[in-house]
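Q: Residue numbers (my numbering), protein chains in the order written: chain A, 40 to 681; chain B, 644 to 1167; chain C, 42 to 141; chain D, 7 to 502. Structure incoming, see below.
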Amino acid sequence: MVEATGLFSKLWLVPALPLAGALFNCLLGRQVSNFVVSIVACGSIGLAAVLSLLLFNSFLKLPVEQRHIELCMYNWIPSGDFSAPIDLLLDPLSMVMITMVSGVSFLIHVYSVGYMSRDESFARYFFYLNLFVFFMLLLVLAGNFLVLYIGWEGVGTCSYLLISFLYHKQSAARAGLKAFVVTRFGDFFFTLGIMLVFVQFKSIYFGEVLPRAHEVLTPVMATWIALLIFGGAVGKSAQVPLHTWLPDAMEAPTPVSALIHAATMVTAGVYLVARCYPIFQLSPTAMSTVAVIGLLTAVISATIALVNNDIKRILAYSTVSQLGHMFIGLGVGAPAAAIFHLLTHAFAKALLFLGAGAVIHALHEEMDIRRMGALKGHIPATFWTFLVGALAMAGIPGLAGFFSKDAILEASFTNGGVLLWLIMVVTAGLTAFYCFRLFFNAFLGEKRWDPHVEEVHHPAPVMTIPLMLLAVLAAVGGYMGVPHALGGADRISSFLAPVFPPAHHTDGGGDSSRLGIMLMTVSSMVAMLGIILAYYFYVSPEGREAPGRLRQTLSGVYDFLSNGWYFDKIYQVVFVDRFMGAANFFWQAVDTSVLDMTVRGLAGLVLGGGEIVPRLQTGLVRWYALFMVAGAVVIMGYLYIF
Amino acid sequence: MDITHWPVLSILILLPAIGAGLIFLIPWADDFFPRVLALLVAGVNLLLSLALFRAFNPASAGMQFAERRDWIPDLGAGYSLGVDGISLFMVLITTFMVFLALLSSWGEVERRPGLFSGFILLMEAGLLGIFLSMDLLLFYVFWEIMLVPMYFLIGLWGGENRRYATIKLIIYTMGGSLLMLVAILSLYFFHHAQTGTYTFDIVQLYETSIPAYALLPMGFAFFVAFAVKSPLVPFHTWLPDAHAEAPISGAVDITGLLIKTGAYAFLRFFLPLFPDFSASYAPLVVMLALLANLYGALIATVQDDIKRLIAYSSVSHVGLIILGIFVLNLQGIEGAILMMVSIALSSGALFIIVGMLHKRSRTKDISQMGGVWRDMPLMGGFFMFFTLASVGIPGLSNFVGEFLIFLGAFRVNVIYGVAASFVVVLTAAYLLWMFWRVMFGPAPERTRTWYDLSFMETVTLTIPAILVVLIGVYPKILLDRIEPSASALLVRAEKKLAQKEIPKNRLSVASCQITEDRELKTEK
Amino acid sequence: MLAADQYLMVGVVLFGIGVIGFLTRRNVIVLLMCIELMINGAGLAFVSFCRQTGSLDGQVFVLFAMVIAAVEIAVALSIVLLVFRNRATLDVDEMEVLKW
Amino acid sequence: MEITFPAVNIDSTMPQLIVALFAILALLVEVFSRSPRMVFATCLVGLHIALIRSLMQWGRGIPYESSLLAVDGYTTFFNILFILIAMITMAISLSYVENTRVDGGKYYPLVLFATLGMMLLVSSMDLLMMFLSLELLSISMYMLVGSQRDKWVSTEAAIKYILTGAFASGFLLFGIALVYGATGTISFSKMESILGGLGGAGAIHELPLLQIGIALMMVGLGFKIAMVPFHMWAPDVYEGAPTPITGLLSTGSKIAVIALILRLFNNPFIQVSSQWVGILWVLAVLSMTLGNVAALLQKNVKRMLAYSSIAHVGYLLVAFIALSTRGMEAILLYSAFYAVMGLAAFGCIASLTRAGGGTTAGEGERLKAEDYTSLGYTQPVQAAILSICLLSLAGIPLTAGFIGKLYLFGAAVNAGFVGLAVIAVLNSAVSLYYYLGLMLRMYALPGRFAPMEEPVGSLFGKLVLLVLGVTIIALGIYPTPLVGVIKGAVTALSAL
């Protein structure tokens, strides 16, 4: 552990700057002009991003073994033998994360200035957004579990606030509540995990827990802890079965979806598992659980994305699916690949969402891809950048997504088996298909706009420039991790290596490079196939009827998919209705009936006595005398008996 | 201000009592002056308690600023006051919330606001008396006397059902506490039988060992009295009525403080007096607490009356507090104390907000609201903030207490920890659902006239908001001062258990946390 | 010659008649007479005990009791007069404004 | 057979003599001046002198004891208490008497005679003295109850009281006869030594005459203190009597009889007392419960307080059953407290009477509960004092009532009657409903257009009430001085 010195002692500024921005916008946002608000908001994030880059620069200069810097701020919760300080940890993993988070956040902030310009709650929006960035940075910089938990809950809260941002919409309020409660359900496991960690280690510092994990934990305990922590990740990263909140979260303004529900917050689960990787490594059960959940998620959400018609929901399901990929990567022992995919996905998906935002903006809040089309000529910048994003998502060679996805595919093949790999390749094909289904429907083909749309809104430069920058990142971001097979250095893996202790198996031997190239070829082909199929279905004149026909023949499957595998409905019946039923029962039957009636009954009994007893007092003297005589007789009888 | 040589605790209690006396006795021509007087007194008391906080020695586990005089020497009852880490924050939160209650009810009380302020001051005196008494009889005096102003606050300014609410309040709390009086007397005579001295001094009574046959009924009497006040399911049904029928938010806040006395009394009196009872019945109590936690959350979900909803959420939170106390370890107890402070702040502020809504809407029915955010964004922000605080978002005050309680519970029994943390999910669900129904969605036409917060109202809400953040971010201020007293409490209970040679499996967790030097400190 | 015990029995019977009379009759004057019977019963008991124990206390007591009874009756009659003036009745069962 | 005339110690019986003297003097004044105020003044002067005389006797050991009378610390304590009660009764009567057209010239001397009865009753050392003083007290009270001659309720109360009272006296007298028959003496001290010589409770059981006698005596005495089931007269008479007399009935006459019962069960009947525990246990529970429950929904305030006073007898019995020094202390303490509370409460009601009260029930007086709505804003003094009384009767801390109940229930718990104490506290909880209910009513926020009302009651009356109110609070906060006095009185009784 290295004490923070020099520039690193200013590490706290990275989260503090967005916090300052947030506070400013919270307290004064209503008093100052939108311009000031946006300057403060973007400026604070921008500074944080610059600082992150500077830190990165200095970090790279450190020898590898010193790349673990802790900065303790103060002791937050000291209680007996428990103590949870606010401390920050800068290691390669968090370094990468803060750079990505601050950078992408900055771009999205800038974009938002244009996107939200006409919103009356401009300041509130940036307050939330800045606050979110603060919590996200705190999350990734956390030096112990509880600080991570602050960030974890904080981002969830901001996500809730932003999903419900359009307060007048019932659907937005509903989606916000759902997002919060579902993720909170995951957090329930996470807190238990934290407590279990403390009980086992008497400490919650990453620096103390993780290195000692293999000494302290029995395999069973490791499994428990890993699964509990993974429970949190499942909620936050929208994995099956807790994925249902993310599509609904698309009620949020589009930049929010880009930032929170694509690039950063939802990946926190991946980050968490990666962070606790030493514990997961101790438990094969946990590892396979992670992989299986990831696989299920990837497949299920990819299939749902095939049939959805809401531009943002398609992207949301795509996000869920890609997160599934990352978890597969983690589960099969390739955490570096997962983090790599996290980064490239962040660029690409942020780009796609922002592009989608531009589309929606252009068509006056239209979200249904069936009522779009032919936007290519109207918003060319969006068109081209979106294309880059879609290609990157689809995994076309040369773009960012390709490298990272293939790193995971390769690891799955070697560690997980052919079947796993095959399913993932098919999923990759589906990904390419739905990305381009969306792309073609939105930008090509004929106009199917809503008749009310007379004129297309053209995105302002503040919106297009971030798009372009993200497009560049999505295009070239993959070059930080060109695999050895392609003659690259796979710098990201080696950079992250200190965080992830080597697994017991070796990946990437001399023999594997040829295998790697072969695998890449197959997956690229499948992706191409997906794109071509999408073109055939949605652009080419011959295939125009195909989707309809397909829907007819496979109507059962179609319904199943378009209802999202009926997850929501089942949850409604099994959990929500039951819960409300139980609540009503306890209120009506137990609280107001049994308990309240007991009290009322007792009171009624006494008060009823108050009605009856005075009736003894008839006012008749002889009756009174009778009482006295009776009393005398009873007393004498008592004395006689005893 | 050097207050170490003042009888500062007496002043704290007497000042509001005298203030109330002045308000009641002087035939004021106008309601303005009594209100100003009350605010002044509450303000001075707040400052005084802050000075007390500054002068408080965080390292000491014993009673500080102790005062002791004979009161009824014939009975061995003393006028004996003292403050330690456990009561210090109860005192602070009381003075603070009373001040806030007076501030928030400034424009809210329409009829006889002067009298209203007088009753609030009387409540303050009683509450502080409860928290500062070191003599069981004195404690009982304050414990009982609290009910009178409470009764009047609800009975005079209450809603349509106020009569029912007051009756319930009286039946429950008086029934419970009078039984405790019998138990107190029994304890007192047992002590005499063992030592030959008549005394109500709790430090001496702590040493009394209660014969086995009397343990259960006496423990039960104390338990019921405290459980009613807390209130723990199934003794809780007075609270929703009391909350719902007190239309003035200030009065509700005070009720909020009143229920803290139950949990406080568990800590101060029940644990040290009945460690064996506590230890052997702790699983039962914990079950009850967990049940309360879940039960309150469940019922809160389906409430349409916003005050009832928050009241049931209090029931749920109280379950957590009791859980923290009865897991009998340091984290649990510290968490419980923190939680009491936090809930007073967050629920108190929520009630103030509900009062503000009520002032504008004349309704407590959630279905009559909706879409309020559009016209009252500022209030919405505060509302959101305090709702989130109640939900237990880290960085805000409730989280710290909650987490410590969970941790304490988890260490004792994994099931406790699991059950308690699960309810947090439900808490989030019903509180945010409430928020949604009130603030979000399309706004009905009539809400248009609901104006946003005035300056005064903003100030009223800002102060607790700052404290919520402060405690959430830097709870060390509290924890440092609570810890010596809390561990001394555990040590004492354990020692008493050891004397009785009862298998002390329950307290073993506590023992490993408390260091030797602290034990020595308690000895002094 | 009757034994002392038998005088006592007469006293008890007198007392009992008084009690039963008080419980069964409605006229105020009769009630007062019943009370008189009770007191006389007690007086008889006193006297008979006096004979048994040989002390004079009982006889003294009887004298005082007779005086007291007279006073009581006098006061009662004045109140009865008041009642009669007010209500023109001597039926105790009609004096029931005060009840419950 | 020799007859000894007991010597009378003039010096020691001075307070009693003074009261008697001034009662007669007042009657004479009435004859000559026909001014009630003059009578009032005479009586008050007499009471003051008697008070000073009694105070001088306090703490001087056992000045005097004969076969008829004992003047010890116990008696002196009660003498002072009764004189104070009489003074307060007179004070609260002053404006009431004038407002309700009571014949003050007879009224005040009767109060003095009643007081004399009480004083003699407490100092009685034999059954004859006891019977005579009890009758003196009763007959004075009969007349006082009926002293509102133009009001039917007063007359009805009087006839009911005298009929049932004389009926009870019959029982008492018969009981005395039987006790005399069983023991052969009417002197308390002889009785004690005779019964003590019999050898314990087992032998007592062989004396059916004694047992029946005591039982019949208890009927007569229980009637006086309105103990269930001999309480039936109380609500009616309390309601109908002039309000200050109700106060006197519920305090003075009751306390005197309780003091007597204490003496009886401590001295002559001490061997029998353990047999009575079971009966008294039941009667205590009945009295408390019946009194409180009946009061719950009572709409007439005086009647409510009457039921409440029945309940308070139950509370006193709770401590009585303990049969311990602690219990006696508690009873004495509570009696003193109850005297203040009861008189103050009825004083407040009396003081609310408007001038020129009518002839029918309740007219001119505030008796119905609804008359008390928002009273706190129109008659602040009376409402405040009445509130203090109610709080004290309810046993809320910082009032005398709480300390009293603490002592009472403490004595029961100490003697092992925990169950009884539990019932007693539950009863206290029930009683809050009506005490606090009335209080809440008095402070119900007045409507915007509530009619204004002039304050009633004389300044003098209010001052007296104020003093009583302050006393209740003061004794509630710091009872220590009174506790010391009572300890002295109890020691004196036990020393006999």
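Ideal placement from N, C-alpha and C gives every residue a C-beta, glycine not left out.
In chain order, which continuous runs of the beta strand (DSSP E) of length 3 or greater are located wholly inside the region 704 to 770 of chain B?
A: Counting only runs of 3 or more, we get 707 to 715 and 720 to 726.
Q: By Cβ distance, which residues of its chain are closer than 7 Å to Met124 of chain D, with the 5 residues on each side in sequence left out?
A: Closer than 7 Å at Cβ, skipping near neighbours: Phe88, Leu143, Gly258, Ser259 and Ala262.
Q: In chain D, what lies closer than 9 Å to Val69 of chain C by C-beta?
A: Neighbours of Val69 of chain C on chain D, chain order: Ile165 and Leu169.
Q: Closer than 8 Å by beta-carbon distance: list the chain B residues that pair up with Gln611 of chain A, in chain order.
A: Chain B residues near Gln611 of chain A: none, gap ~14 Å exceeds 8 Å.
Q: Terminal residues of the continuous alpha helix (DSSP H) containing Pro926 of chain B?
A: That run of the alpha helix (DSSP H) goes Pro918 to Thr944.
Q: Are three or more beta carbon pairs between the region 438 to 448 of chain D and the region 288 to 308 of chain D nearer than 8 Å?
A: Judged by Cβ distances under 8 Å, the region 438 to 448 of chain D makes contact with the region 288 to 308 of chain D, as three or more pairs qualify.
Q: Taking C-beta pairs closer than 9 Å, name the residues in chain A that Ala1136 of chain B reaches, listed in chain order.
A: Chain A residues near Ala1136 of chain B: none, gap ~15 Å exceeds 9 Å.
Q: Using a Cβ cut-off of 7 Å, which residues of the region 844 to 860 of chain B contact any Cβ in chain D, in chain order?
A: Under the 7 Å Cβ criterion, the region 844 to 860 of chain B contributes no residue.
Q: Is it the case that the region 438 to 454 of chain A contacts the region 512 to 520 of chain A, given that we only count it when at least three CB pairs across the two stretches are under 8 Å?
A: The region 512 to 520 of chain A vs the region 438 to 454 of chain A: in contact.
Q: Hey, would you say Gly190 of chain A sits closer than 8 Å to Asp126 of chain A, going by beta carbons?
A: Contact flag unset, no.
Q: Ignoring anything shorter than 4 residues, give me the alpha helix (DSSP H) runs that lie fully in the region 250 to 307 of chain D, in order along the chain.
A: 260 to 272 and 279 to 302, all fully within the region 250 to 307 of chain D.
Q: Grab the span of the beta strand (DSSP E) containing Leu128 of chain A for me, first residue to last.
A: Per DSSP, Leu128 of chain A belongs to the beta strand (DSSP E) from Phe121 to Leu129.
Q: Going along chain B in order, which residues have a C-beta closer than 9 Å to the C-beta of Pro487 of chain D?
A: By Cβ distance, chain B contributes nothing, its closest Cβ being about 11 Å from Pro487 of chain D, past 9 Å.
Q: Assuming Tyr321 of chain D and Leu414 of chain D make a contact with CB atoms under 8 Å, what is their CB distance in whole Å?
A: Sure, about 6 Å apart at Cβ, within 8 Å.
Q: Suppose you measure from the CA of Trp749 of chain B to the CA of Trp1016 of chain B; what does that come to, to the nearest Å?
A: Approximately 24 Å, taken between the alpha carbons.
Q: The alpha helix (DSSP H) that contains Cys91 of chain C, what's its start and end?
A: Element bounds for Cys91 of chain C: Val69 to Thr94.
Q: So for Asn183 of chain A, helix, strand or coil by DSSP?
A: Of the three classes helix, strand and coil, the one that applies to Asn183 of chain A here is strand, per DSSP.
Q: Under 8 Å, Cβ to Cβ, is there at least one residue of chain D near Gly57 of chain C?
A: So no, Gly57 of chain C is outside the interface.
Q: By the criterion of Cβ-Cβ separation under 7 Å, what are the contact partners of Val660 of chain A in chain D?
A: By Cβ distance, chain D contributes Lys166, Leu169 and Thr170.
Q: Give me the chain D residues within the contact set of Val116 of chain C, using Cβ-Cβ distance strictly less than 8 Å, ordered along the chain.
A: Ordered by position in chain D, the residues that pass the 8 Å Cβ test against Val116 of chain C are Ile145, Tyr148, Met149 and Ile168.
Q: My assumption, with CB atoms under 8 Å, is that Ile86 of chain D sits in contact with Val470 of chain D. Please give the rounded CB distance.
A: Not quite, the Cβ-Cβ distance comes to about 18 Å (not below 8 Å), so this is no contact.
Q: If I'm right that Ser829 of chain B touches Val419 of chain D with Cβ under 8 Å, what's the distance once you round it to whole angstroms?
A: Their Cβ separation, rounded to whole angstroms, is 6 Å, which keeps Ser829 of chain B and Val419 of chain D in contact under 8 Å.
Q: Name the chain D residues that come within less than 8 Å of Met136 of chain C, Cβ to Cβ?
A: What Met136 of chain C touches in chain D: Glu162, Ile165 and Lys166.
Q: Determine the DSSP secondary structure at Met112 of chain A, reduced to helix, strand or coil.
A: In this structure, Met112 of chain A counts as strand in the three-state DSSP scheme.
Q: Can you list, in chain order, the residues of its chain whose CB lies under 8 Å from that of Leu812 of chain B, leaving out five sequence neighbours each side?
A: Answer for Leu812 of chain B: Leu790, Met793, Tyr794, Ile797, Trp881, Asp884 and Ala885, listed in chain order.
Q: Taking the beta carbon of Ala664 of chain A as the centre, do at least 16 other beta carbons fall within 10 Å, making it buried, or is it exposed?
A: It is buried - the Cβ of Ala664 of chain A has at least 16 other Cβ atoms within 10 Å.
Q: DSSP beta-bridge partners for Ser130 of chain D?
A: Bridge partners of Ser130 of chain D: D:Leu75.
Q: Go through the region 332 to 408 of chain A residue by residue and report every complete run of the alpha helix (DSSP H) that reaches 4 residues or more, in order.
A: Runs of the alpha helix (DSSP H) inside the region 332 to 408 of chain A: 350 to 370 and 374 to 401.
Q: Give the C-beta separation of Met733 of chain B and Tyr907 of chain B to the nearest angstrom, bearing in mind that I take them to be a contact with Cβ-Cβ under 8 Å.
A: The Cβ separation is near 6 Å, so the contact holds.
Q: Can you list, in chain order, the stretches of the beta strand (DSSP E) that have 3 or more residues and sit fully within the region 498 to 556 of chain A?
A: If we require 3 residues or more, the region 498 to 556 of chain A turns out to have no beta strand (DSSP E) run fully inside it.
Q: Between which residues of its own chain and Leu859 of chain B is the CB-CB distance below 8 Å, once the five residues before and five after are set aside?
A: The answer, listed in chain order, is Phe920.
Q: According to a CB-to-CB cut-off of less than 9 Å, which residues of the region 299 to 317 of chain D neighbour chain E?
A: Given the protein chain composition of this structure (A, B, C and D), no chain E is represented.
Q: Going by other Cβ atoms of all chains shown within 10 Å of its Cβ, with 16 needed for buried, is Met62 of chain D buried or exposed?
A: So Met62 of chain D counts as exposed.
Q: Check each residue of the region 619 to 652 of chain A: if its Cβ is closer than 8 Å to any Cβ of chain D, include it; give the result in chain order.
A: Those residues of the region 619 to 652 of chain A that come within reach of chain D (Cβ to Cβ, closer than 8 Å) are Val645, Leu646, Gly648, Gly649, Glu650 and Val652.
Q: Who are the Cβ neighbours of Leu266 of chain D in its own chain at under 6 Å, not counting the five residues just before and after it?
A: These residues qualify, in order along the chain: Leu127.
Q: Measure how close the beta-carbons of Ala87 of chain A and Val143 of chain A come, nearest whole angstrom, since I'm counting them as under 8 Å.
A: That pair is no contact at about 12 Å.
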